[in-house]
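At position 275 of the sequence shown the residue is numbered 275 (full-length UniProt numbering), and the sequence of numbers has no breaks.
Ideal placement from N, C-alpha and C gives every residue a C-beta, glycine not left out.
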Amino acid sequence: MGGSKMSNDYEIDVEAGMSSLSIVNTPIEAPIVSSYNDRIRPLLDTVDRLRNLNVMREGIQLPTIVVVGDQSSGKSSVLESLAGINLPRGQGICTRVPLVMRLQRSSSPEPEIWLEYSDKVVPTDEEHVAEAICAATDVIAGTGEGVSDTPLTLSVKKNNVPDLTMVDLPGITRVPVNGQPENIYEQISRMIMKYIEPQESIILNVLSATVDFTTCESIRMSRQVDKTGERTLAVVTKADMAPEGLLQKVTADDVSIGLGYICVRNRIGEETYEEARVQEDLLFRTHPLLSLIDGDIVGIL
Numbered sequence: 001m002g003g004s005k006m007s008n009d010y011e012i013d014v015e016a017g018m019s020s021l022s023i024v025n026t027p028i029e030a031p032i033v034s035s036y037n038d039r040i041r042p043l044l045d046t047v048d049r050l051r052n053l054n055v056m057r058e059g060i061q062l063p064t065i066v067v068v069g070d071q072s073s074g075k076s077s078v079l080e081s082l083a084g085i086n087l088p089r090g091q092g093i094c095t096r097v098p099l100v101m102r103l104q105r106s107s108s109p110e111p112e113i114w115l116e117y118s119d120k121v122v123p124t125d126e127e128h129v130a131e132a133i134c135a136a137t138d139v140i141a142g143t144g145e146g147v148s149d150t151p152l153t154l155s156v157k158k159n160n161v162p163d164l165t166m167v168d169l170p171g172i173t174r175v176p177v178n179g180q181p182e183n184i185y186e187q188i189s190r191m192i193m194k195y196i197e198p199q200e201s202i203i204l205n206v207l208s209a210t211v212d213f214t215t216c217e218s219i220r221m222s223r224q225v226d227k228t229g230e231r232t233l234a235v236v237t238k239a240d241m242a243p244e245g246l247l248q249k250v251t252a253d254d255v256s257i258g259l260g261y262i263c264v265r266n267r268i269g270e271e272t273y274e275e276a277r278v279q280e281d282l283l284f285r286t287h288p289l290l291s292l293i294d295g296d297i298v299g300i301l
């Protein structure tokens with residue numbers, strides 16, 4: 001197997017009996033998931049099987065989309081929109097362990113959702129998935145506010161999701177609150193650097209439109225390992241909350257996002273995912289400022 005393409009954005013070359021994998025940049029043609037087809041899933045399954053075999057312990061690095069962001073950047077909303085499911089929400093750190101999200105498009109009307117951790121496979125459903133993730137996280141990282149670098153895998157098979165595998169990492173926080181360990185920043189920083197340092201990692205950096213990008217800790221970390229941004233993609237959330245100056249932010253690129261920006265509107269309140277996407281499309285088509293942003297870099301899909 002050689003020269004297979006992953007979401008038309010990266011080429012993964014599997015050589016020597018799948019003993020090494022590398023990523024080659026190709027142009028991005030559309031937001032986050034420009035297209036997907038029947039060839040993508042077998043490739044992702046191969047990568048997942050190798051990851052499950054812990055080949056990284058043998059020094060073999062696997063292609064990985066790593067999702068990072070400062071706390072309250074809207075990271076959970078982006079992942080929820082991609083997967084079409086609810087993830088844990090609340091004050092403080094919602095993600096306390098590396099969450100490996102395996103999304104698989106399915107023609108079945110009934111979604112299949114399950115968790116894998118501690119040598120267990122735990123089925124769940126859309127209504128209870130957030131609760132199940134919290135319970136699994138407590139098993140892995142304890143019931144307090146601490147973090148662990150032991151991964152938890154969430155698999156989602158349903159229609160209208162892209163074929164995509166990502167690793168979501170805890171949001172970056174500098175000040176410990178609500179019983180968090182005093183060294184919470186150092187723990188999270190080590191975990192993030194472990195995942196984004198390999199050259200095979202694609203860094204999906206989630207930024208809030210409401211802040212100055214140059215002050216974001218996630219930007220500082222990604223630039224440490226990817227100075228030119230050639231493997232960094234930024235998703236800008238909360239576009240509707242800070243439309244002024246957003247066009248300038250994503251065109252000036254003061255923070256070296258080599259793979260470009262994608263601007264999105266977060267789901268609000270009790271909106272369904274379908275309603276949220278309709279409102280997102282309407283926002284970027286009709287808003288006097290946001291409509292000036294290139295249509296190829298707006299919208300979650």
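Going straight from the alpha carbon of I293 to that of D281, what length do you get?
When the Cα atoms are used, I293 and D281 turn out to be separated by approximately 12 Å.
Buried or exposed by the 16-neighbour rule on C-beta atoms within 10 Å, applied to T286:
Answer is exposed; the Cβ neighbour count stays below 16.
Would you tell me roughly how many angstroms separate the C-alpha atoms of L115 and V121, rounded to the nearest one?
Rounded to the nearest whole angstrom, the C-alpha separation of L115 and V121 is 6 Å.
Looking only at its own chain, which residues have a Cβ that is under 7 Å from the Cβ of residue 338, when we skip the five neighbours before and after it?
The requested residue 338 is not part of the displayed model; the chain covers only 1 to 301.
Should V264 and S73 be called a contact, given that it needs their Cβ atoms to be closer than 9 Å?
No, these two residues do not count as a Cβ contact at 9 Å.
I'd like the ranges of any alpha helix (DSSP H) spanning at least 4 consecutive residues and lying wholly in the region 226-287.
Here the runs fully enclosed are 246-252, 273-286.
Using the rule of at least 16 other Cβ atoms within 10 Å of the residue's Cβ for burial, across every protein chain shown, is S118 buried or exposed?
It is exposed - the Cβ of S118 has fewer than 16 other Cβ atoms within 10 Å.
In its own chain, which residues sit with a C-beta less than 7 Å from the C-beta of F213, not counting the 5 before and 5 after it?
Taking C-beta separations shorter than 7 Å and ignoring five residues to either side along the sequence, the partners of F213 in its chain run L207, I219, K249, D254, V255, following chain order.
Residues near I40 in its chain [Cβ-Cβ closer than 6 Å; skip 5 each side]:
In this prediction, I40 scores a pLDDT of 47, lower than 50, which makes its location untrustworthy; the coordinate-derived value is nonetheless stated afterwards. Here the set comprises D163.
Assuming the contact rule is C-beta atoms closer than 8 Å, A83 and V156 should be a hit. Round their C-beta distance to whole Å, please.
Going by Cβ atoms, the distance from A83 to V156 rounds to 5 Å, so yes, they are a contact pair.
Taking only the alpha-carbon atoms, compute the straight-line gap between E131 and Q187 and give it to the nearest angstrom.
Distance from the CA atom of E131 to the CA atom of Q187, rounded to whole angstroms, is 24 Å.
Once you ignore the five residues that flank residue 358 on each side, which residues in its own chain have a CB closer than 6 Å to its CB?
Past the edges of the chain, shown from 1 to 301, lies residue 358, and the structure says nothing about it.
I'd like to know whether the C-beta atoms of R105 and G146 end up nearer to each other than 9 Å.
No, Cβ-Cβ distance for R105 and G146 is not below 9 Å.
Do M101 and T165 count as a contact pair if the criterion is CB distance below 9 Å?
Taking C-beta atoms as the reference points, T165 and M101 count as a pair closer than 9 Å.
Taking the Cβ atom as the reference point for each residue, do R277 and G299 lie within a distance shorter than 9 Å?
Inclusion of R277 and G299 in the CB contact set at 9 Å is warranted, their separation being smaller than that value.
Rounded separation between T153 and Q180 - CA only:
Taking the straight line from one Cα to the other gives about 24 Å.
Residues bridged to M208 [DSSP beta-bridge criterion]:
The amino acid occupying residue 208 in the given sequence is Ser; Met does not appear at that position. DSSP output for S208 lists T237 as bridge partner(s).
Under the three-state DSSP convention, the category E131 falls into:
The answer is helix: DSSP assigns E131 an H, G or I state.
Can you give the beta carbon distance from G69 to G171, rounded, assuming they're within the 8 Å contact cut?
Contact between G69 and G171 holds, since their C-beta atoms are separated by about 6 Å, short of 8 Å.
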